[in-house]
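Right, one structure below, let's go through it.
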Amino acid sequence: MSVLKFTPKQFDDFVSTLLKTGRPVMAPQAKNGRFAFGPLASAADLRLDYDVTILPPKKYVLPQVETLLEFEVCGPCRSVQEGEPMILLGVHPYDLAAILQMDELFRQGQYDKHYMDRRCQITIIALDVVTPSANVFASSMGTATVTSGYDILLTVLKDGSILADAATAKGQELIRLAGSAVPASEADLLARKAVWEHNNAVLNKHILLCKPSLLPKVLEQSYNHPVWEEKARLCYSCGSCNQVCPTCYCFDVQDRVNWDLKTGYRFRAWDGCLLENFATVAGNHNFRKDRAARYRHRLYRKGKYVPEKIGGQIACVGCGRCISACTAKIANPVEVYNRLLQDTKLG
Amino acid sequence: MCECCSGHPDIYLPQMATITKRRMLNGTELFLHLEMDSGEDLQYKPGQFVEVSLAGIGEAPISISSSPTQKGLELVVRNVGSLTKAIHKLQVGDKLGIRGPYGTTYPIEEAKGKDLVFICGGIGLVPQRSFIRYALDHRSDYGKIIVLIGTKCYSMRLFREEIALWQERRDMTVLETIDEAHDCWDGNVGVVTTLIPKIENELPGSLVLICGPPIMYKFVLISLAEAQVPEENIYVNLERRMKCGVGKCGHCQINDKYVCQDGPVFRYSDLALVPEAI
Chain A
1 MSVLKFTPKQ FDDFVSTLLK TGRPVMAPQA KNGRFAFGPL ASAADLRLDY DVTILPPKKY
61 VLPQVETLLE FEVCGPCRSV QEGEPMILLG VHPYDLAAIL QMDELFRQGQ YDKHYMDRRC
121 QITIIALDVV TPSANVFASS MGTATVTSGY DILLTVLKDG SILADAATAK GQELIRLAGS
181 AVPASEADLL ARKAVWEHNN AVLNKHILLC KPSLLPKVLE QSYNHPVWEE KARLCYSCGS
241 CNQVCPTCYC FDVQDRVNWD LKTGYRFRAW DGCLLENFAT VAGNHNFRKD RAARYRHRLY
301 RKGKYVPEKI GGQIACVGCG RCISACTAKI ANPVEVYNRL LQDTKLG
Chain B
1001 MCECCSGHPD IYLPQMATIT KRRMLNGTEL FLHLEMDSGE DLQYKPGQFV EVSLAGIGEA
1061 PISISSSPTQ KGLELVVRNV GSLTKAIHKL QVGDKLGIRG PYGTTYPIEE AKGKDLVFIC
1121 GGIGLVPQRS FIRYALDHRS DYGKIIVLIG TKCYSMRLFR EEIALWQERR DMTVLETIDE
1181 AHDCWDGNVG VVTTLIPKIE NELPGSLVLI CGPPIMYKFV LISLAEAQVP EENIYVNLER
1241 RMKCGVGKCG HCQINDKYVC QDGPVFRYSD LALVPEAI
């Protein structure tokens, strides 16, 4: 299928049509001077020019709180699948890269049906970045643009027109609602290429001084580097870096009893490895009680452990949210990785 | 539900099991014998664990203490948190949720023909008992069986009758110690490492299997290094917060290893590059 071109007005009409499909459309909108993904009520609320959202769209594939089971207290449990058809509109390439990683993590080994079923029902309309955020470094991580993984990719051209490229059956099903949009010309496709080249160059407010693929090797030699202690001395163990991270997927599982005291549900909720009690077991023994060890664990997961699990791709996509969210200003992964790089001998 | 998911089971859904026997082993440890409501025995191997849950209270990883050579599933639950406190109130006939079994197993095949030395500290005897019983039920497959058991104090000793029966057997050696002296105890007093010199001659060539509280590993491993036991012959059974049991939630990670998948039983030589392990 060819790439379609919309004028801003035609695009608004397309979004209005999407809103009538009956499926919830989650999209970036203004929120207290910043941006957040939320249910879209009208095309006018959509902000294709957003820089970065407070939380990543991860919250729709792995919600902050998700019911896994329902039960009668002390009785048997029954599976709950909460997923429903949904359109996720306006996902930046770095956030898409993070979702694709998470797909692999929940699919591989023991198949997590709760995640996968929810994910299968989501149609992702990605969007090339229009406004770089203050701390983005997606270019350094190779996620400033994407070539696959989306159902539709939107690119806003300099003249304000919008190109839409449907890559999957799910995407094509939606693009059929495009109405009066016309096929993009050669010149439009060249203009799109220029946007990609531009984004690959400018989404780089912090510059990683090596290819991301070298990070596992760098970390292999950096376990006892002083930087862990230096940075972690200032860490509040608040877990903000975990909460805003599009690739963090650790969760806690708990039971809750309903008001009738007879029934209840088991749910999972986001957790964070920087939080003090993340590795505490019954009897109060904490296997990672040092802040520096927790701080290091996070950066090892991003740069070594997860990549080794999913075939190489670094589990930091360069969104820069942790840099903005960290009160102590110690979360910048580029700063740490560059520092380690300086002190590493790469053969 | 989408097509690609409909064929997959829910990995978080527990099966029900009924308590068929229960007794306190000491002031804090409850022994449970369970049978699966499905009527089929759980297919597990020594060293593995299950996720035990009580709907409305929670779920926790618990080592399997029985051997697959016997019927039913045996667990020992220490009264230490809200879930285990509730489990302690359960009676015969009450039900628990069980997921699993999960994790790696003791090297039951590799160990064939070899001498086995079990070093158990406190509640660490619980998972070790699974392999000890398995080896006793396949007695001719294994060489010598030596069991060292250390307990903090006299009143906390576990499986006393069973240990007494083991001590009567001529085809195994069982040495016990308690950390703190007691009027009723005329055996060895001191931590479990004080038993190691008594069996030092048996260590070369043996497979040594260790399970106990975190602090114990460091000291036992020093003693074994002094006795020149190769790291390839040592197995440790590690505990972490195996919350999901299926390698997703991240709580049990030690460096790049997931205890729920890559452990809980690790060959010690495989942990050389895993500094968080011991």
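Protein chains in written order, with the working numbering: chain A, 1 to 347; chain B, 1001 to 1278.
C-beta atoms are modelled at their ideal positions from N, C-alpha and C, and glycine is treated no differently.
This one's a predicted model, so the numbers in the text were calculated from it and none came from an experiment.
Interface residue (Cβ-Cβ distance to chain A less than 7 Å): B/ALA1017 is not classified as such.
With contacts defined by Cβ atoms closer than 7 Å, A/ALA44 and A/GLY318 do not form a contacting pair.
Counting along the chain, the unbroken alpha helix (DSSP H) around A/TRP196 starts and ends at 186-202.
Closest by C-alpha distance to A/THR123, out of A/THR344, A/LEU153 and A/TYR337, is A/LEU153. B/HIS1008 has a beta carbon lying within less than 7 Å of a beta carbon in chain A.
Burial of A/CYS326 is indicated by the presence of at least 16 other C-beta atoms within 10 angstroms of its C-beta. Using beta-carbon distances, B/TYR1012 counts as an interface residue toward chain A, with a partner under 7 Å.
Among the bridge pairs identified by DSSP, A/ASN286 is matched with A/THR280. Here the alpha carbons of B/ALA1135 and A/ASP260 stand approximately 49 Å from one another. Residue-level contact check: B/LEU1175 does not touch chain A, since none of the beta carbons of chain A fall below 7 Å from its beta carbon.
For the beta strand (DSSP E) assignment, the uninterrupted runs of no fewer than 3 residues enclosed by the region 1018-1093 of chain B are, from N- to C-terminal side, 1029-1036, 1049-1054, 1058-1063 and 1073-1078. Relative to B/CYS1002, the option among A/LYS59, A/PRO85 and A/ARG321 whose CA is nearest is A/PRO85. Residue state for B/ASN1188 is assigned as strand, using DSSP reduced to three classes. From the listed residues B/CYS1004, B/HIS1138 and B/MET1016, the smallest Cα separation to B/SER1038 is found for B/MET1016. Assigned with DSSP and collapsed to three states, B/CYS1244 falls in coil, not helix or strand. Residue-level contact by beta carbon fails for A/SER161 and chain B, as no gap is shorter than 7 Å. A/TRP259 sits in coil when the DSSP states are folded into three classes, being neither helix nor strand. The C-beta of B/MET1036 comes no closer than 7 Å to any C-beta of chain A.
Around the beta carbon of A/SER324, 16 or more other beta carbons sit within 10 angstroms, so the residue counts as buried. Put simply, the CB of A/PHE11 is far from chain B, with every gap to its CB atoms at 7 Å or more.
Under the three-state reduction of DSSP, A/PRO216 is assigned to helix. For A/ASP343, not one C-beta of chain B is nearer than 7 Å to its own C-beta.
Excluding five sequence positions before and after B/SER1065, the CB atoms of its chain that fall closer than 7 Å to its own CB belong to GLU1074, LEU1075, VAL1076, VAL1126, PRO1127, ARG1129 and SER1130, given in chain order.
Its Cα nearest to that of A/LEU100, the residue A/ARG119 stands out among A/GLN110, A/GLY109, A/ARG119 and A/LYS217. Here DSSP, grouped into helix, strand and coil, assigns A/LEU48 to coil. A Cβ-Cβ separation of about 16 Å leaves A/ASP95 out of contact with A/PRO333 under the 8 Å criterion. For B/PRO1101, the three-state secondary structure derived from DSSP is strand. Shown here for B/GLY1245: same chain residues with a beta carbon closer than 7 Å to its own, the five before and five after excluded, namely GLU1051, PRO1061, ARG1099, GLY1100, TYR1102 and CYS1260 in chain order.
The Cβ atoms of A/ALA315 and A/VAL306 sit closer than 7 Å to each other. Taking a Cβ-Cβ threshold of 9 Å, none of the residues of chain A is close to B/GLN1043; the smallest such distance is about 16 Å. Rounded to the nearest whole angstrom, the CA to CA distance from A/VAL244 to A/LEU203 is 19 Å. Between A/ASP165 and the set A/ASN199, A/LEU127 and A/VAL61, the nearest pair of CA atoms involves A/LEU127. B/ILE1145 is bridged by DSSP to B/LEU1116.
In this structure B/GLY1122 touches B/GLY1212 by the C-beta definition: roughly 6 Å separates them, less than 8 Å.
C-alpha of A/LYS205 to C-alpha of B/GLU1109: approximately 56 Å in a straight line. Inter-residue distance for B/ILE1210 and B/GLU1231 is about 12 Å (C-alpha atoms, whole angstroms).
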